[in-house]
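Peer 1: Can you read through this structure? Questions will come right after.
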Amino acid sequence: MKSRTERAYDIWAHDYDNHPNPHILLEHDDVLKLVSPKRSDEILDAGCGTGKYALEFSNKGAEVTGIDFSDKMLEIAGKKCPGVKFYKDDLQKKLSFRNGKFNKINCAQTLKHVRKLNFTIKEFHRVLKKGGILVFSVTHPDMDWNGYETKSHGNFILGENSDIYHHKFKDYLFAVDNAGFKIDTIKQLPINKKIELLLTPKSYRIVKGRFEIIIFRLNKT
Ligand SMILES: C[S@@+](CC[C@H](N)C(=O)[O-])C[C@H]1O[C@@H](n2cnc3c(N)ncnc32)[C@H](O)[C@@H]1O
Numbered sequence: 024m025k026s027r028t029e030r031a032y033d034i035w036a037h038d039y040d041n042h043p044n045p046h047i048l049l050e051h052d053d054v055l056k057l058v059s060p061k062r063s064d065e066i067l068d069a070g071c072g073t074g075k076y077a078l079e080f081s082n083k084g085a086e087v088t089g090i091d092f093s094d095k096m097l098e099i100a101g102k103k104c105p106g107v108k109f110y111k112d113d114l115q116k117k118l119s120f121r122n123g124k125f126n127k128i129n130c131a132q133t134l135k136h137v138r139k140l141n142f143t144i145k146e147f148h149r150v151l152k153k154g155g156i157l158v159f160s161v162t163h164p165d166m167d168w169n170g171y172e173t174k175s176h177g178n179f180i181l182g183e184n185s186d187i188y189h190h191k192f193k194d195y196l197f198a199v200d201n202a203g204f205k206i207d208t209i210k211q212l213p214i215n216k217k218i219e220l221l222l223t224p225k226s227y228r229i230v231k232g233r234f235e236i237i238i239f240r241l242n243k244t
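Our numbering puts the first residue of the sequence shown at 24, with every later residue one more than the last.
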């Protein structure tokens with residue numbers, strides 16, 4: 024049986040690319056820079072959604088595999104990125120890849136749906152080669168939502184339709200360390216001009232400068 028979150032993304036999929044999402048817009052350039060996709064890379068995009076990053080990695084010549092548990096998200100991703108292999112996989116279960124298959128993993132805005140953070144980060148460590156890197160982005164655990172108001176939500180409100188786990192900063196640090204990763208970079212992204220037009224003018228004046236996103240870049244040594 025499908026989980027609530029899986030069903031939520033199945034419903035959201037057809038509209039997901041139609042409404043710019045502040046998290047995704049704010050973090051995009053930094054995620055791309057931190058993954059830094061190259062021709063020689065074998066990259067796993069975990070929680071690939073409609074395949075936005077997978078396509079960009081593939082356009083840089085990397086060999087890309089995308090996984091997600093929403094059939095509908097995967098359907099859209101598959102049409103968008105013919106050069107990428109997409110599979111249905113659940114990040115809360117053992118991944119269906121051998122040890123050390125990838126040299127990079129990207130996991131953007133997905134770990135909020137994962138309850139057993141330690142398990143999932145360990146699985147990422149297992150399927151990475153030695154010397155590989157994991158980049159993951161999440162909503163900043165200390166994000167202050169007071170006064171935060173977008174102009175439009177599209178027709179879908181994720182928080183009401185899916186399971187979201189509010190992991191703390193220390194939970195991420197523990198999971199990363201427990202899995203055996205070494206921290207390369209932790210980047211905090213403040214609300215800035217990139218998303219100004221997605222927020223109401225009043226809200227932007229109140230919330231600009233607050234950290235909305237945190238990105239981790241980790242090494243498997
Ligand atoms: C907010 S979207 C992010 C999609 C994409 N990474 C992006 O940046 O546009 C989260 C994605 O994670 C997927 N997802 C959530 N929980 C998952 C799980 N346990 N296993 C696999 N995919 C999951 C959802 O189906 C959805 O496509």
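Quick reminder that beta carbons are idealized off the backbone N, C-alpha and C, glycines included. Just so we're clear, the structure is a prediction, and the values are computed from it rather than from any experiment.
Could you tell me which uninterrupted beta strand (DSSP E) segments, each at least 3 residues in length, are contained entirely in the segment 33-86, listed from first to last along the chain?
Peer 2: 65-69
Peer 1: Take the Cβ of GLY84 as the centre, count every other Cβ of all protein chains shown within 10 Å, and call the residue buried at 16 or more, exposed below.
Peer 2: exposed
Peer 1: Cβ of THR28 within 7 Å of Cβ of HIS136?
Peer 2: yes
Peer 1: Based on the DSSP output, what are the partners of ILE206 in its beta bridges?
Peer 2: LEU241
Peer 1: Can you name, in chain order, every residue of its own chain whose Cβ lies under 6 Å from the Cβ of LYS108, other than the five neighbours on each side?
Peer 2: THR88
Peer 1: Quick one: what does DSSP say LEU114 is sitting in, helix, strand or coil?
Peer 2: For LEU114, the three-state secondary structure derived from DSSP is coil.
Peer 1: Restricting to Cα atoms, I'd like to know which of GLY70, ASP113, MET166 and ILE236 is closest to ASP52.
Peer 2: ILE236
Peer 1: Apart from the five residues just before and just after LYS145, which ones in its own chain have a Cβ nearer than 6 Å to its Cβ?
Peer 2: These residues qualify, in order along the chain: ALA202.
Peer 1: If we ignore side chains and look at the alpha-carbon of each, how far apart do ALA31 and ASP186 end up?
Peer 2: 9 Å
Peer 1: Thinking just about the alpha-carbon of each residue, which of TYR110, ASP33 and PHE159 is nearest to the one in LEU134?
Peer 2: PHE159
Peer 1: Using three-state DSSP, classify GLU235 as helix, strand or coil.
Peer 2: strand
Peer 1: Apart from the five residues on each side of it in sequence, which residues of its chain come closer than 7 Å, Cβ to Cβ, to SER175?
Peer 2: HIS42
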